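Participant:
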Amino acid sequence: NVLSQVFSMFASDDHEGGGAILRIVYPSVDLDEMTYRSVSVFGPYSRLTDACAIILPFLAYTFIIIMRRKVLNRLTSISSKMSQKTKLMHESMIKALTYHAILPCTTCIGVCSFGLQMMGVRHRIVDSALFVFSCIPAVVNPLLTLYFIAPYRR
């Protein structure tokens with residue numbers, strides 16, 4: 001993630017050219033009253049940033065799935081030695097960790113909305129989807145913890 005952030009600093013495009021395009025696409029928006037950044041998707045730094053953003057999450061989720069399977073197998077092998085209460089606690093913890101691991105996938109919807117914008121799809125829902133779906137993990141993560149972890153439910 002740090003690597004993609006470093007590359008994205010160099011991925012900016014011509015600021016004036018980006019402003020000209022924004023004036024054509026959104027003629028009613030006053031660009032003097034806002035901050036915007038233009039990004040070239042064809043530059044060498046953009047390609048590295050995109051590769052980091054696309055490939056690294058797949059590697060991370062593959063690792064998460066493999067480790068989850070190993071933890072479940074280990075818990076299954078020693079479950080006969082555990083009390084029912086301990087078993088339930090471990091199951092709820094694994095469930096919580098699984099949902100926590102899956103939740104960042106919602107940001108992919110936001111990234112897809114950015115891609116749609118770059119392909120020329122203009123709609124209010126598409127414009128706001130990037131920010132809405134990027135915020136979902138930050139809002140839902142604590143709620144998942146409260147729901148799945150028994151001591152927090154009391």
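Each residue of the sequence shown is one higher than the one before, starting from 1 at the first, in UniProt numbering.
We treat Cβ as the ideally placed atom computed from N, Cα and C, and that holds for glycine.
These numbers come from a predicted model, not from an experiment.
#1: I need the boundaries of the alpha helix (DSSP H) containing residue 93, first residue and last residue.
#2: Can you tell which of 98, 62, 99, 75 has the C-alpha that lies nearest to the C-alpha of residue 88?
#3: Check this for me: beta carbons of residue 132 and residue 116, under 7 Å apart or not?
#4: With DSSP as the reference, label residue 127 as helix, strand or coil.
#5: Which of helix, strand or coil does DSSP assign to residue 27?
#6: How long is the line joining the alpha carbons of residue 48 and residue 29, rounded to whole angstroms?
#7: Leaving out the 5 sequence neighbours to the left and right, which residues in its chain are closer than 6 Å to residue 101 when beta-carbon positions are compared?
#8: Which residues mark the beginning and the end of the alpha helix (DSSP H) in which residue 108 is found?
#9: Roughly how many angstroms lie between the CA atoms of residue 27 and residue 136, to the nearest whole one?
#10: Under a Cβ-count criterion, where at least 16 other Cβ atoms within 10 Å of its own Cβ denotes burial, should residue 155 be classed as buried or exposed?
#11: Roughly how many angstroms lie between the CA atoms of residue 79 and residue 60, to the nearest whole one?
#12: Give the straight-line distance between the Cα atoms of residue 112 and residue 84, rounded to the nearest whole angstrom.
#13: Thinking C-alpha only, which one of 18, 51, 128, 105 is nearest residue 140?
#14: Grab me the residues of residue 98's own chain with a C-beta within less than 7 Å of its C-beta, minus the 5 sequence neighbours each way, in chain order.
Facilitator: According to the data block:
#1: Residue 93 sits at position 93 when you count from the first residue of the sequence shown. Secondary structure note for residue 93: its alpha helix (DSSP H) is the uninterrupted segment 84-102.
#2: In the sequence shown, counting from the first residue as 1, residue 88 sits at position 88. The residue with the shortest Cα to Cα distance from residue 88 is 75.
#3: Within the sequence shown, numbered from 1, the residue matching residue 132 stands at position 132. Within the sequence shown, numbered from 1, the residue matching residue 116 stands at position 116. Not closer than 7 Å, so no.
#4: The residue given as residue 127 occupies position 127 in the sequence shown. DSSP places residue 127 within a helical segment (H, G or I) once states are collapsed to three.
#5: Along the sequence shown, read from residue 1 onward, the residue named residue 27 stands at position 27. Residue 27 sits in coil when the DSSP states are folded into three classes, being neither helix nor strand.
#6: Within the sequence shown, the letter at position 48 stands for residue 48. Within the sequence shown, the letter at position 29 stands for residue 29. Spanning the two alpha carbons is a distance of roughly 31 Å.
#7: Residue mapping note: residue 101 aligns to position 101 of the sequence shown, counting from 1. So the qualifying residues of the chain are 64.
#8: Residue mapping note: residue 108 aligns to position 108 of the sequence shown, counting from 1. Per DSSP, residue 108 belongs to the alpha helix (DSSP H) from 106-118.
#9: Indexing the sequence shown from 1 puts residue 27 at position 27. Indexing the sequence shown from 1 puts residue 136 at position 136. The alpha-carbon atoms of residue 27 and residue 136 are separated by roughly 31 Å.
#10: Nothing can be reported for residue 155: it is not among the residues displayed for the chain, which extend from 1 to 154.
#11: Within the sequence shown, the letter at position 79 stands for residue 79. Within the sequence shown, the letter at position 60 stands for residue 60. Going by C-alpha positions, residue 79 is about 28 Å away from residue 60.
#12: Against the sequence shown, residue 112 aligns to sequence position 112. Against the sequence shown, residue 84 aligns to sequence position 84. Going by the C-alpha atoms only, they are around 44 Å apart.
#13: Position 140 of the sequence shown holds residue 140. Nearest option by C-alpha distance: 105.
#14: Translated into the one-based positions of the sequence shown, residue 98 becomes position 98. For residue 98, same chain residues with a beta-carbon under 7 Å away, outside a window of 5 residues either side, are 68 in chain order.
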